[in-house]
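Undergrad:
Numbering (the numbering used here), first residue to last: 99 to 517.
Structure, rendered in structure tokens:
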């Protein structure tokens, strides 16, 4: 009968999870008590598998998410995850077939874009995705950071840092995240399950849960929680009776500059700490410049992170904000998959909502592939640089410079989490 690709039924979940673990080089067995926990997070009509009889050999899943775009608007996003192919079935087009089916379904639903976190750089360009956000991981040599180690917290008249528990985080965390992500292009909505998993309310037996410390910043005037940091401390031994603890910042979310600075100062002033590491921070994070000596901060990783594919050009371009400039650009978008190609007119004006409409037959100002549009969409990439690379064709002199001004943002977009 060969290999059949289909969406899942409840009876397929255990075998699908087995194949997912195998594809990601994890222990294949899934504890029976974990299966219903994982099933609760899955929309089966958006979960696909390639099956040979009863054996699953490839996996694919997508989830509904809301993506923040420049200007504070949002679009419906098809968030793709759990893409794997068993080693014995690679290079047979299974992932390509599942991707095509999912993108077609997303287009039919009316999703403006599809997003994913690429495990490998070369894979997803051929499906129309382009790298839309980047991340940086930092390592801080704390003794060299040039900070006052006697720091006792922020000025009480401004706010306070307090340790909180996971149960408290589940109460105020979602609202704080919404405030921050609405102001952060590239950030996505979170589900209740995300909060349960990341605060220990739900624990998968196969992965366990190591509880971090949670510290919240509360504004003195409003009493509102304006920031949250989660971190772990590793303090295994004191060589030569000298402290050598390390702090790993799991996440830091702040709605105000005061909260951000106070929470960084909190983790950088912990007793006995010699080194601090971060998870995926914005590529233009303020962290190094908060230090007395920014050279104490070393980049551990700087890499592409969230990739984006435009599915509906008018909906996507009409949802975001642009520089306050009266301009008109005609874009000729190529899409080999036939999902979003065509010629479109983008019109902007100060104080007015942007308009993007189909413009068949119009002479294009710029020509680009849909994957290049994905690079431009959130404002991270330079249209002029893309033109220099041959990824964007300028049919009208000056059009790339106009796109540069319109699309770029003051701060680079950032997706804070793996999904």
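We treat Cβ as the ideally placed atom computed from N, Cα and C, and that holds for glycine.
Assess contact between the stretch 150-161 and the stretch 383-397, defined as three or more Cβ pairs (one per stretch) separated by less than 8 angstroms. Is contact present?
TA: No: the two stretches stay apart, fewer than three of their Cβ pairs being nearer than 8 angstroms.
Undergrad: Between the stretch 267-282 and the stretch 317-327, can you find at least three pairs of beta-carbon atoms closer than 8 angstroms?
TA: In short, these stretches touch, since the Cβ pair count reaches three.
Undergrad: Anyone know if the C-beta pair for residue 231 and residue 467 falls short of 8 angstroms?
TA: In this structure, residue 467 does not lie closer than 8 angstroms to residue 231 by Cβ.
Undergrad: In angstroms, rounded to a whole number, what distance separates the CA positions of residue 313 and residue 177?
TA: C-alpha separation (whole angstroms): 30 angstroms.
Undergrad: Which ranges would you report for the beta strand (DSSP E) in the stretch 467-495 if only whole runs of at least 3 residues count?
TA: Complete beta strand (DSSP E) runs here, min 3: 490-492.
Undergrad: Can you give me the Cβ contacts of residue 171 inside the same chain, cut-off strictly under 7 angstroms, excluding the 5 residues immediately before and after it?
TA: Only 417, 418 and 419 meet the Cβ criterion.
Undergrad: Identify whether residue 294 lies in helix, strand or coil by the three-state DSSP scheme.
TA: Looking at residue 294 - three-state DSSP - the assignment turns out to be helix.
Undergrad: Which word fits residue 403, buried or exposed, when buried means at least 16 other C-beta atoms lie within 10 angstroms of its C-beta?
TA: Residue 403 comes out buried.
Undergrad: Quick one: what's residue 286 bridged to in DSSP?
TA: According to DSSP, residue 286 bridges with 165.
Undergrad: If we call anything under 8 angstroms between Cβ atoms a contact, is residue 144 one with residue 199?
TA: No.
Undergrad: Can you grab the Cα-Cα spacing for the pair residue 461 / residue 205, in whole Å?
TA: Whole-angstrom Cα-Cα distance: 26 angstroms.
Undergrad: Tell me which residue opens and which closes the beta strand (DSSP E) that residue 146 is part of.
TA: Residue 146 -> beta strand (DSSP E) spans 145-150.
Undergrad: Return helix, strand or coil for residue 441, following the three-state DSSP convention.
TA: Correct three-state label for residue 441: strand.
Undergrad: Would you kindly report the start and end of the unbroken beta strand (DSSP E) that includes residue 103?
TA: Residue 103 -> beta strand (DSSP E) spans 102-105.
Undergrad: To the nearest angstrom, how far is it from the Cα of residue 481 to the Cα of residue 333?
TA: So the two alpha carbons sit approximately 47 angstroms from each other.
Undergrad: Assuming contact is defined by CB atoms lying nearer than 8 angstroms, are residue 380 and residue 283 in contact in what I supplied?
TA: No; because the gap between Cβ atoms is not below 8 angstroms, this pair is not in contact.
Undergrad: Based on the DSSP output, what are the partners of residue 349 in its beta bridges?
TA: Residue 349 pairs with 328.
Undergrad: In terms of residues, what are the limits of the alpha helix (DSSP H) holding residue 397?
TA: Not the alpha helix (DSSP H): residue 397 falls in the beta strand (DSSP E), residues 395-402.
Undergrad: In the DSSP output, which residue or residues are listed as bridge partners for residue 531?
TA: Any answer about residue 531 is impossible in this case: the structure gives the chain only from 99 up to 517.
Undergrad: Return helix, strand or coil for residue 405, following the three-state DSSP convention.
TA: If DSSP states are grouped into helix, strand and coil, residue 405 belongs with the strands.
Undergrad: I need the straight-line Cα distance from residue 311 to residue 375, nearest angstrom please.
TA: Approximately 15 angstroms between the Cα atoms of the pair.
Undergrad: Return helix, strand or coil for residue 221, following the three-state DSSP convention.
TA: In the structure shown, residue 221 sits in coil (DSSP, three-state: anything other than H, G, I, E or B).
Undergrad: Rounded to a whole number of angstroms, what is the C-alpha to C-alpha distance between residue 223 and residue 185?
TA: Their Cα atoms are separated by approximately 22 angstroms.
Undergrad: Hey, how far is the Cα of residue 90 from the Cα of residue 490?
TA: Residue 90 cannot be examined here, being either before or after the span of the chain that is shown, 99 to 517.
Undergrad: State buried or exposed for residue 209, treating a residue as buried only when at least 16 other CB atoms are found within 10 Å of its CB.
TA: It counts as buried.
Undergrad: Could you tell me if residue 288 is buried or exposed, where buried requires 16 or more neighbouring beta carbons within 10 angstroms of its beta carbon?
TA: It is buried - the Cβ of residue 288 has at least 16 other Cβ atoms within 10 Å.
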